[in-house]
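With our numbering as the guide, the letters of the sequence shown map in order to residues 55 to 518.
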Amino acid sequence: MKTFHCNHCSHLVFYENVRCERCESLLGYVPELAEISAFEDAGEGHWRSLHPAADGALFRQCHNYAVENVCNWMIPADSPDALCRACQLTRTIPNLSAPDNRLYWYRLEMAKRRLLYTLAELGLDVKSRQTDPEYGLAFEFLEDGGDGAHVMTGHDNGLITLNIAEADDAHREEVRTAMGEPYRTLLGHFRHETGHYYFSQLVENNPRWLEPYRKLFGDESVDYGEALNAYYRDGAPADWQSSFISAYATMHPWEDWAETWAHYMLIVDVLDTSTSYGVALLPDDPSEPTLTDRTPVEDASFENLMKRWFPLTYALNSLNRSLGMADGYPFTLAAPVVDKLRFVHRVIAEAGDKSRPREAATPAGETAPPGHAAQAAGVAQAGSPAPLPPPAQATANDAPVTPAEPPAPPVAAQAAPSSADVAAAQPQPPAPPVVAPASATEPAGAPAKPTPPATGTAPVPQSQ
Ligand SMILES: [Zn+2]
Ligand SMILES: [Zn+2]
Ligand SMILES: [Zn+2]
Numbered sequence: 055m056k057t058f059h060c061n062h063c064s065h066l067v068f069y070e071n072v073r074c075e076r077c078e079s080l081l082g083y084v085p086e087l088a089e090i091s092a093f094e095d096a097g098e099g100h101w102r103s104l105h106p107a108a109d110g111a112l113f114r115q116c117h118n119y120a121v122e123n124v125c126n127w128m129i130p131a132d133s134p135d136a137l138c139r140a141c142q143l144t145r146t147i148p149n150l151s152a153p154d155n156r157l158y159w160y161r162l163e164m165a166k167r168r169l170l171y172t173l174a175e176l177g178l179d180v181k182s183r184q185t186d187p188e189y190g191l192a193f194e195f196l197e198d199g200g201d202g203a204h205v206m207t208g209h210d211n212g213l214i215t216l217n218i219a220e221a222d223d224a225h226r227e228e229v230r231t232a233m234g235e236p237y238r239t240l241l242g243h244f245r246h247e248t249g250h251y252y253f254s255q256l257v258e259n260n261p262r263w264l265e266p267y268r269k270l271f272g273d274e275s276v277d278y279g280e281a282l283n284a285y286y287r288d289g290a291p292a293d294w295q296s297s298f299i300s301a302y303a304t305m306h307p308w309e310d311w312a313e314t315w316a317h318y319m320l321i322v323d324v325l326d327t328s329t330s331y332g333v334a335l336l337p338d339d340p341s342e343p344t345l346t347d348r349t350p351v352e353d354a355s356f357e358n359l360m361k362r363w364f365p366l367t368y369a370l371n372s373l374n375r376s377l378g379m380a381d382g383y384p385f386t387l388a389a390p391v392v393d394k395l396r397f398v399h400r401v402i403a404e405a406g407d408k409s410r411p412r413e414a415a416t417p418a419g420e421t422a423p424p425g426h427a428a429q430a431a432g433v434a435q436a437g438s439p440a441p442l443p444p445p446a447q448a449t450a451n452d453a454p455v456t457p458a459e460p461p462a463p464p465v466a467a468q469a470a471p472s473s474a475d476v477a478a479a480q481p482q483p484p485a486p487p488v489v490a491p492a493s494a495t496e497p498a499g500a501p502a503k504p505t506p507p508a509t510g511t512a513p514v515p516q517s518q
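What follows is the structure in structure tokens.
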């Protein structure tokens, strides 16, 4: 992700910030510009953007920003929408009368907005369920029912369900440890599940991609239920690291794709952030990992991405170890995994916005079928012409959706060349206080926290 600055005082700010920590200007994300902007109050709920690219345009805060404190996106002042295009994608929010659910909702929306940023940067079309009832994307944030019904995080034909317990750090860490996973994050869940969605959008019905996909990932027509049972029964093959990015990826070719897709998005986002901050690696010994290339990730070839990625992960993990933390990147990329990542890169490059420069997406000797690029290209809709209703609020009695994806069964922790396994066995310390030294280049502290939940009261979305 690129860096953002307050347009009022030039202070470096985060994507999640709602106020400049230095000058206290209101901040908001303007998806049309892909920029965080500072705003000045223009009265009557309108805010004038101070971003040079906005030309003084007026905006409103998303309802979930102004009222619910779980969003920081802005809407053009003349838009009929109450919800920003990110919040429009959420069909069901948690029951806010339950303690902590507003915090979980905030964390889920925050991760979702990070996902949307990367999808937009890659030029991938994000159609909402409301604008495209058949192929659009929608999210439901549900919690386990009081009757023991379990909500499975998963994807079903564009509908992505997240169990809000995944937004509880203690719970997620407990699951991660129990499953022997080196890495489990909310953002990773969003990336993985959208991988399933884009598989159906870009690969499943595209004869040009389907056969190469099967060569790399296997035959996805094999029975998912049987594969699932076998995985639960036997776990991952002992040598899974020689051809898969994760143990879970061994379960079924669909999961291998989703895990690989999620990993590609991770690489692109981290490289983008590091490039935006001007991170370079210049060791005294040039044979050690070196990184000076600053090609924008959206313009970079796959080989360029990989060439830059490996040095960065050495530095990243070393920094984390100095922090006393587990490796930030507890993965190894075997050659077959790199081949799968390259395939994901090609699919995305072809589907992405053709208006921007990028490498030739078509593999040598192949031509894209007519119509496919046009179908996949395009940018996110600015919103439907009519005001959108607020998302439904889930109650504890909501029936869980059809299990689309069970959690990974426990697998024996592999001997990975990282400290993740060791770290996973250690209790997690409470988050330290953020003590940011005063500096002109220091980011503006931690993202704003949502207001405490109003216990026992349901939120009342503004009438739209
Ligand atoms: Zn400022
Ligand atoms: Zn919003
Ligand atoms: Zn999956």
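Yeah, the Cβ is synthetic: ideal placement off N, Cα and C, and Gly gets one too.
#1: Following the continuous beta strand (DSSP E) through Ala92, name the residue where it begins and the one where it ends.
#2: How about Ala140: is its Cβ closer than 7 Å to a heavy atom in ligand 2?
#3: Can you check DSSP and say which residues form a bridge with Gln522?
#4: May I ask you to list the residues that DSSP assigns as paired with Thr215?
#5: Can you give me the C-alpha to C-alpha distance between Tyr237 and Pro384, rounded to a whole angstrom?
#6: Please report the distance separating the alpha-carbon of Gly199 from that of Gly212.
#7: Taking only the alpha-carbon atoms, compute the straight-line gap between Ile214 and Gly208 and give it to the nearest angstrom.
#8: Use the C-beta contact count for Phe193: other C-beta atoms within 10 angstroms, 16 or more gives buried, fewer gives exposed.
#9: According to DSSP, what are the bridge partners of Trp101?
#10: Please work out which residues of its chain come closer than 8 Å, Cβ to Cβ, to Arg183, disregarding the five sequence neighbours upstream and downstream, and give them in chain order.
#11: Assuming Gly279 is part of the alpha helix (DSSP H), what are its boundary residues?
#12: When burial is assigned at 16 or more other CB atoms within 10 Å of the CB, is Phe397 buried or exposed?
#13: Measuring straight from C-alpha to C-alpha, what distance separates Gly279 and Ala221?
#14: Mapping the DSSP letters down to three states, classify Leu370 as helix, strand or coil.
#15: Ser64 by DSSP, collapsed to three states: which one?
#16: Return the chain-ordered list of same chain residues with a C-beta closer than 7 Å to the C-beta of Leu87, the five sequence neighbours on each side being excluded.
#17: Should Glu357 go down as buried or exposed, given a rule of 16 or more other Cβ atoms within 10 Å for buried?
#18: Please state whether DSSP places Arg183 in a helix, a strand or coil.
#19: Is the separation between the beta-carbon of Leu7 and that of Met305 shorter than 8 Å?
#20: Can you check which of these residues, Ser296, Ile218, Asn126, Gly82, is closest to Pro148 by C-alpha distance?
#21: In angstroms with no decimal places, state the Cα-to-Cα distance between Ala92 and Ser328.
#22: Taking only three categories from DSSP, how would you classify Tyr383?
#23: To the nearest angstrom, report how far apart Asp273 and Asp210 are at their CA atoms.
#24: Would you list the residues sitting across from Val84 in a DSSP beta bridge?
#25: Using a strict less-than 5 Å threshold between each residue's beta carbon and the heavy atoms of ligand 1, what residues do you get?
#26: Is Glu309 near ligand 3 - that is, is its Cβ less than 7 Å away from at least one heavy atom of it?
#27: Distance, Cα to Cα, Leu335 vs Tyr368?
#28: Can you tell me whether DSSP reads His306 as helix, strand or coil?
#29: Rounded to whole angstroms, how far is the Cβ of Thr344 from the Cβ of Pro337, which I believe are closer than 8 Å?
#30: Is any heavy atom of ligand 2 found at a distance shorter than 7 Å from the C-beta of Trp101?
#31: For Trp294, collect the residues of the same chain with a Cβ closer than 6 Å to its Cβ; drop the 5 residues on either side in sequence, then sort them by chain order.
#32: Can you name the residues that DSSP bridges to Arg73?
Reading it off the structure:
#1: 89-97
#2: yes
#3: For residue 522 there is no data in the structure shown, the boundaries of the chain being 55 and 518.
#4: Glu194, Gly208
#5: 7 Å
#6: 23 Å
#7: 6 Å
#8: buried
#9: Asp95, Phe113
#10: Leu143, Arg145, Gly190, Leu191, Ala192, Gly212, Leu213
#11: 278-288
#12: buried
#13: 27 Å
#14: helix
#15: coil
#16: His105, Ala107, Ala108
#17: exposed
#18: coil
#19: The first residue shown for the chain is 55 and the last is 518, placing residue 7 beyond what the model contains.
#20: Ile218
#21: 23 Å
#22: coil
#23: 19 Å
#24: Glu89
#25: Cys60, His62, Cys63, His65, Cys74, Arg76, Cys77, Ser79
#26: yes
#27: 10 Å
#28: coil
#29: 6 Å
#30: no
#31: Ala301, Thr304
#32: Leu80
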